[in-house]
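Chains as they are written, first to last, in full-length UniProt numbering: chain A, 1 to 205; chain B, 1 to 205; chain C, 1 to 205.
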Amino acid sequence: MLFDALDLGATFVFAISGATQGVRKRLDLFGVLVVAWAAGVAGGIARDLLIGAVPPAAIAHWRYFAITIAAGLVGFFASAQIARLKTPVQLFDAAGLCLFAVTGTEKALAYGLNPFVAAVLGMMTCIGGGVARDLLTLEIPTVLRAELYAVAALAGAGSMALGFTLGLPHIPVMVFGAGLCLFLRLMSLYRGWRLPSSKYFKETD
Amino acid sequence: MLFDALDLGATFVFAISGATQGVRKRLDLFGVLVVAWAAGVAGGIARDLLIGAVPPAAIAHWRYFAITIAAGLVGFFASAQIARLKTPVQLFDAAGLCLFAVTGTEKALAYGLNPFVAAVLGMMTCIGGGVARDLLTLEIPTVLRAELYAVAALAGAGSMALGFTLGLPHIPVMVFGAGLCLFLRLMSLYRGWRLPSSKYFKETD
Amino acid sequence: MLFDALDLGATFVFAISGATQGVRKRLDLFGVLVVAWAAGVAGGIARDLLIGAVPPAAIAHWRYFAITIAAGLVGFFASAQIARLKTPVQLFDAAGLCLFAVTGTEKALAYGLNPFVAAVLGMMTCIGGGVARDLLTLEIPTVLRAELYAVAALAGAGSMALGFTLGLPHIPVMVFGAGLCLFLRLMSLYRGWRLPSSKYFKETD
Numbered sequence: 001m002l003f004d005a006l007d008l009g010a011t012f013v014f015a016i017s018g019a020t021q022g023v024r025k026r027l028d029l030f031g032v033l034v035v036a037w038a039a040g041v042a043g044g045i046a047r048d049l050l051i052g053a054v055p056p057a058a059i060a061h062w063r064y065f066a067i068t069i070a071a072g073l074v075g076f077f078a079s080a081q082i083a084r085l086k087t088p089v090q091l092f093d094a095a096g097l098c099l100f101a102v103t104g105t106e107k108a109l110a111y112g113l114n115p116f117v118a119a120v121l122g123m124m125t126c127i128g129g130g131v132a133r134d135l136l137t138l139e140i141p142t143v144l145r146a147e148l149y150a151v152a153a154l155a156g157a158g159s160m161a162l163g164f165t166l167g168l169p170h171i172p173v174m175v176f177g178a179g180l181c182l183f184l185r186l187m188s189l190y191r192g193w194r195l196p197s198s199k200y201f202k203e204t205d
Numbered sequence: 001m002l003f004d005a006l007d008l009g010a011t012f013v014f015a016i017s018g019a020t021q022g023v024r025k026r027l028d029l030f031g032v033l034v035v036a037w038a039a040g041v042a043g044g045i046a047r048d049l050l051i052g053a054v055p056p057a058a059i060a061h062w063r064y065f066a067i068t069i070a071a072g073l074v075g076f077f078a079s080a081q082i083a084r085l086k087t088p089v090q091l092f093d094a095a096g097l098c099l100f101a102v103t104g105t106e107k108a109l110a111y112g113l114n115p116f117v118a119a120v121l122g123m124m125t126c127i128g129g130g131v132a133r134d135l136l137t138l139e140i141p142t143v144l145r146a147e148l149y150a151v152a153a154l155a156g157a158g159s160m161a162l163g164f165t166l167g168l169p170h171i172p173v174m175v176f177g178a179g180l181c182l183f184l185r186l187m188s189l190y191r192g193w194r195l196p197s198s199k200y201f202k203e204t205d
Numbered sequence: 001m002l003f004d005a006l007d008l009g010a011t012f013v014f015a016i017s018g019a020t021q022g023v024r025k026r027l028d029l030f031g032v033l034v035v036a037w038a039a040g041v042a043g044g045i046a047r048d049l050l051i052g053a054v055p056p057a058a059i060a061h062w063r064y065f066a067i068t069i070a071a072g073l074v075g076f077f078a079s080a081q082i083a084r085l086k087t088p089v090q091l092f093d094a095a096g097l098c099l100f101a102v103t104g105t106e107k108a109l110a111y112g113l114n115p116f117v118a119a120v121l122g123m124m125t126c127i128g129g130g131v132a133r134d135l136l137t138l139e140i141p142t143v144l145r146a147e148l149y150a151v152a153a154l155a156g157a158g159s160m161a162l163g164f165t166l167g168l169p170h171i172p173v174m175v176f177g178a179g180l181c182l183f184l185r186l187m188s189l190y191r192g193w194r195l196p197s198s199k200y201f202k203e204t205d
C-alpha cells in the first residue's frame, strides 16, 4: 500500500519532468501529455519487455496513465509555479530514483535474472524515462552527460542485488540500497560530485 | 479481404510519408527504404510488443515488407510528383489514421486489455510510425506539436472501446469510431482545429 | 567456442564505435559506457524482442555487459590511440558485420520465421547497434546515409536464407553468406561502392 503510493509518486514526479520539458519545447497539449507519460513509464516498460513481463505493468494498469496525465496537466498549466519549486522537485525526484532502483531490481530478480543483470535493469528502470523524454524532444539524454544520477541508481541496485545473493534479510538490504542511492544523488546535487568526461576531444573539437 | 486491403493501403500511405521525409533528409536509397518501413509499421510493432503478440504481425508476414518497400521506391523515384499530390495524400493518410485506430483498438481488446488501455494502444498504432520516422530523421515528432492527429485517433479509438464495453453491436460501433476520427482529422486539416500549447515559455525563451 | 569468441569480438568492436562517439560528444564516463553497450547489443536485443526470445541473450548473459563495458573503458581512456587504428578497426568491424548477419539470420530461422523475414532480422542485428548509438548522441543514423553497410549485411543474410530454404548444406552456405557480406563491405570501403541518393531535393533545399 505504502509501496504503491511511493511507486505512483515517483512516476508522477518523473512525468512532471517530462511535461516541463515538453512545455519548454513548445509542444501542444497532446505532446506534453505524451512526453509526460513517456518520462514516467518508459523505464518500467523497457524493463518489463526485456524480462518478458508482458503486457508491462504501466500498460496493463490504467492508474499509470491516470497519474502521468495528471502530471502532464499540472506541468502544462503550472509551468511557472513548478520552475519556482526547484528544490522540492529535485528532492522528490531523488526519492523516486531510489524507489525505482529498488523496485526495478526486485522485479528483475523475481523473474529469475542473475543479480548483476538485475541491478542493471533496476538502473534502467530509473533512467529509461529520462532518456525517452530527451529523445522525444531531441536532446542528448541528460543522464549520459551529467551528475551522479544513473550511477547512484546502479550503486543502490547493485548493493541490493548483492545483499539478496548473500542471503541477507530483504527489508534491511532494500533500505540500505535505497539509502545509498539517495546519499550519492544528494552528494551530486549539493556537493557537485560527478564522473569525469574524457579530455581527449576537449581541445581538438 | 476488404479489411486487409485497407490495412495495407494505410501502411502504404504512412510509408510514403516516411520515404518523402527520407528523401528530403538526403538519405541514400537504403535509408529511404528503412524510414519508409519504420513509418509504415512501427506503430503496429510497438502495439504488438506491448500486448505480447510476438512476433508482431508486421514482422511475421512478408507483405508488410513488400508494401513498405514498394512505397519507399515510389517515394524515392517520384518525390516531385508526390509533392504535387498533397491533397489526395492527406486524405488517404486520414483514412489510414481511422483504420489503424479501429484495428489497433480491436486487437488490443482481443488480447484482453481493458477498454481505456486498448484505446490508448489504438492511438499508439496510429502515431508510432510517424514518431519513428521523425526520430530516425532527427525531428521532434510532428504529432507532438501540431494539429488534431493523435487526438482524432484517440477519440475514435475511445468511442469504439466504450461502445464495445457497453455491449453495442460491433460493426456500427467501429463505423462510428472511424467516422469520428475522420471528422476530427478533416476539421483539423480544413478548418484549422487544434490544441492549445502553453503560453508560459513563449515570451521567456 | 570459436563461434562465441567471434560473437563477443564483434560485440566488442561495435561497442568501441559507440564509446568513441560518446567521447566525441563529450558524454561523461557513464554516458560513454551506455552508448558503448547500446552500440554493441541493441541490434541483437531488437531481434530477440521481435522473435520472442525473451529475455534477450544480451540481457540474460552477463558476458555481454562485461565485454561492452570493457570496450567502453578502452574507448574512454584510449580515444587518441583508437583514432590512429582506423584501418584495423574498420576491418574488424567488417568482420563483425558478417558474423552478426549470419548469426542473426540463423537465430531468426531457428525461431520459425520465413527466410525472407529472417534475412531482414539478420540485417537488423547488424545495424541496430549503430542506429541506437547515433540516436542516443543525436545523429541521423550513418547507416541510413552512407556506404554499403546494411546492404552488404542484407546480401549475406539473404543468400544464406535462400541457401537454407533450398536445402543446401549449412556450413558452406554460411561461409558463402559471410563472404559475400565481407566482399561488398570491403568494396564499399576501398572502392567507394555505394547506393544512390535521390536527386530531387538536392537543388531545391
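Just so you know, even glycine gets a beta-carbon here, dropped at the ideal spot from N, CA and C.
Partners in chain A for residue i, counting only beta-carbon separations shorter than 7 Å
{"i": "T137 of chain C", "result": "I140"}
{"i": "L188 of chain B", "result": "Looking at the sequence shown, residue 188 of chain B is not Leu but Ser. The premise fails here: S188 of chain B is roughly 11 Å from chain A at the closest Cβ pair, so nothing lies under 7 Å."}
Cross-chain neighbours of residue i in chain B, by beta carbon under 9 Å
{"i": "A36 of chain C", "result": "By Cβ distance, chain B contributes nothing, its closest Cβ being about 21 Å from A36 of chain C, past 9 Å."}
{"i": "A150 of chain C", "result": "F30, G31 and V34"}
Residues that residue i contacts on chain A, provided the C-beta gap is smaller than 8 Å
{"i": "F164 of chain C", "result": "Those do not exist, as F164 of chain C stays about 28 Å from chain A at its closest Cβ, beyond 8 Å."}
{"i": "R194 of chain B", "result": "D28"}
{"i": "S17 of chain B", "result": "The contacting residues do not exist; S17 of chain B stays about 18 Å from chain A at best."}
Short Cβ contact (9 Å threshold) for residue i with residue j
{"i": "residue 212 of chain C", "j": "L135 of chain A", "result": "What the structure shows of chain C is the stretch from 1 to 205, and residue 212 of chain C is not part of that stretch, so it cannot be assessed."}
{"i": "M123 of chain C", "j": "A94 of chain C", "result": "no"}
{"i": "R145 of chain B", "j": "G31 of chain A", "result": "yes"}
{"i": "I127 of chain A", "j": "G43 of chain A", "result": "yes"}
{"i": "A71 of chain C", "j": "A5 of chain C", "result": "no"}
{"i": "G177 of chain C", "j": "T105 of chain C", "result": "yes"}
{"i": "F65 of chain A", "j": "V13 of chain A", "result": "no"}
{"i": "I45 of chain C", "j": "L113 of chain A", "result": "no"}
{"i": "residue 210 of chain B", "j": "G129 of chain B", "result": "A query on residue 210 of chain B cannot be resolved here, the shown segment of chain B reaching from 1 to 205 and no further."}
{"i": "L97 of chain C", "j": "L29 of chain C", "result": "no"}
{"i": "A152 of chain A", "j": "S197 of chain A", "result": "no"}
Neighbour list for residue i in chain B, Cβ cutoff strictly below 8 Å
{"i": "V41 of chain C", "result": "Chain B residues near V41 of chain C: none, gap ~17 Å exceeds 8 Å."}
{"i": "S159 of chain C", "result": "Those do not exist, as S159 of chain C stays about 17 Å from chain B at its closest Cβ, beyond 8 Å."}
Residue i versus residue j: straight-line alpha-carbon distance, rounded
{"i": "G18 of chain B", "j": "L8 of chain B", "result": "15 Å"}
{"i": "K107 of chain A", "j": "A132 of chain A", "result": "21 Å"}
{"i": "T11 of chain B", "j": "M160 of chain B", "result": "21 Å"}
{"i": "V54 of chain B", "j": "L109 of chain B", "result": "16 Å"}
{"i": "T20 of chain B", "j": "A39 of chain C", "result": "28 Å"}
{"i": "V117 of chain B", "j": "W37 of chain B", "result": "26 Å"}
{"i": "A150 of chain C", "j": "V143 of chain C", "result": "7 Å"}
{"i": "M174 of chain B", "j": "P56 of chain C", "result": "37 Å"}
{"i": "D48 of chain B", "j": "Y111 of chain B", "result": "10 Å"}
{"i": "W193 of chain A", "j": "I82 of chain C", "result": "29 Å"}
{"i": "W62 of chain B", "j": "G158 of chain C", "result": "14 Å"}
{"i": "P115 of chain A", "j": "T103 of chain A", "result": "13 Å"}
{"i": "H170 of chain C", "j": "L85 of chain C", "result": "35 Å"}
{"i": "Q90 of chain B", "j": "V35 of chain B", "result": "19 Å"}
{"i": "P172 of chain A", "j": "L73 of chain C", "result": "33 Å"}
{"i": "D205 of chain C", "j": "A80 of chain B", "result": "Residue placement at D205 of chain C is poorly supported in this model, since its pLDDT is 43, which falls under 50; the coordinates still yield a value, given next. Those two C-alpha atoms are separated by around 13 Å."}
{"i": "Y190 of chain C", "j": "L195 of chain A", "result": "39 Å"}
Distance between beta carbons of residue j and residue i, contact taken as under 8 Å
{"i": "L180 of chain C", "j": "G156 of chain C", "result": "5 Å"}
{"i": "L50 of chain C", "j": "L121 of chain C", "result": "7 Å"}
{"i": "I140 of chain B", "j": "K25 of chain A", "result": "6 Å"}
{"i": "A119 of chain A", "j": "L166 of chain A", "result": "Not confirmed; about 14 Å, so no contact."}
{"i": "L27 of chain C", "j": "L138 of chain A", "result": "In fact, because the Cβ distance is near 16 Å, the residues do not count as touching under 8 Å."}
Neighbouring residues, chain A, relative to residue i (Cβ below 9 Å)
{"i": "F65 of chain C", "result": "F116, V117 and V120"}
{"i": "I51 of chain B", "result": "V54, P55 and I59"}
{"i": "K86 of chain C", "result": "Near K86 of chain C there are no residues of chain A at all, since even the closest Cβ is about 15 Å away, more than 9 Å."}
{"i": "L180 of chain B", "result": "Under the 9 Å cutoff, chain A gives no residues; its nearest Cβ is about 16 Å from L180 of chain B."}
Where residue i meets chain C, residues with beta-carbon distance less than 8 Å
{"i": "R145 of chain A", "result": "R26, L27, D28 and G31"}
Chain-ordered chain C contacts of residue i [CB-CB under 9 Å]
{"i": "L113 of chain A", "result": "P55, I59 and A60"}
Residue i: CB within 8 Å of a non-hydrogen atom of the ligand GDP
{"i": "L195 of chain B", "result": "For the structure depicted, the ligand GDP is absent and the ligand set is empty, with no information on it obtainable."}
For a minimum of 4 consecutive residues, which ranges assigned as the alpha helix (DSSP H) are wholly contained in the UniProt domain "Glycine transporter" (5-78) of chain C? 29-51, 57-60 and 62-77
Output the residue ranges of the beta strand (DSSP E) runs that lie fully inside the stretch 97-141 of chain B and measure 3 residues or longer, sorted by chain position. none
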